[in-house]
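Numbering (UniProt numbering), first residue to last: 1 to 208.
Glycine included, each C-beta is placed from N, C-alpha and C at the ideal position.
Quantities reported herein were computed from a predicted structural model and do not represent experimental measurements.
Below is one structure, written out as structure tokens, with a few remarks after it.
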């Protein structure tokens with residue numbers, strides 16, 4: 001939507017006040033940064049009101065934010081597409097003893113392959129990756145790569161609906177978290193690196 005209507009947003013902003021509301025951090029997506037750059041080039045005054053995002057909300061589990069390495073995204077696997085580029089990033093983070101935040105795939109308004117072939121778009125039902133699916137895929141990649149970067153006994157923290165009144169935070173091994181029902185979306189996962197005693201104390205509150 002943003003990419004398709006960016007010109008419309010910018011044209012309106014030349015002569016009137018336009019508000020652009022996003023989920024999470026305003027600069028969490030390159031598309032948002034691009035709009036700011038284009039607005040400034042057009043001489044449009046831009047005011048940013050910062051917001052909370054998953055990048056700092058995960059701090060609720062007690063793992064210190066400065067102990068995190070590069071964030072990775074886990075996409076839904078298909079029969080013909082099983083990307084694993086996140087594996088190298090997790091490996092490098094774990095070499096340094098750093099935690100890894102895994103952002104889980106969201107599929108909204110995805111056209112079906114059949115409808116694309118027919119030239120008339122029909123959309124699949126929305127899909128939101130669960131912590132359980134993410135762990136299954138992570139373990140599948142580890143089994144295929146065989147570098148022992150992580151395994152079913154690796155400690156992780158699963159999150160659901162962060163920031164809401166019914167948020168769920170559970171710490172445990174990958175094997176343990178596979179059995180947990182995290183409920184409705186949105187979910188994310190942290191693969192725990194080397195921990196400080198204070199971090200360990202906090203994690204105990206969320207342990208199985």
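- For residue 159, the enclosing beta strand (DSSP E) starts and ends at 155-160.
- The criterion of a C-beta distance shorter than 7 Å is not satisfied by residue 23 and residue 190.
- Judged by their CB atoms, residue 105 and residue 77 are not nearer to each other than the 7 Å cut-off.
- When Cβ pairs closer than 8 Å are counted between the two stretches, the segment 170-185 is seen not to touch the segment 82-96, the count staying below three.
- Leaving aside the five residues that flank residue 107 on each side, the residues in its chain whose CB is nearer than 6 Å to its CB run, in chain order, 127.
- Counting the other CB atoms within 10 Å of its CB gives residue 192 a total of 16 or more, which places it among the buried residues.
- Selection 196, 149, 79, 208 evaluated against residue 177 yields 208 as nearest (Cα-Cα).
- Secondary structure of residue 94 (DSSP, three-state): helix.
- By the C-beta criterion, the segment 31-46 is judged not to be in contact with the segment 150-158, since fewer than 3 inter-stretch pairs fall below 8 Å.
- Counting the other Cβ atoms within 10 Å of the Cβ of residue 137 gives 16 or more, which makes it buried.
- Under DSSP, residue 127 takes part in a beta bridge, and its partners are 107.
- Cβ contact annotation for residue 159 (same chain, cutoff 6 Å, sequence separation greater than five): 169, 188, in chain order.
- Considering only 85, 92, 32, the residue with the shortest C-alpha distance to residue 144 is 85.
- In the structure shown, the three-state DSSP call for residue 68 is strand.
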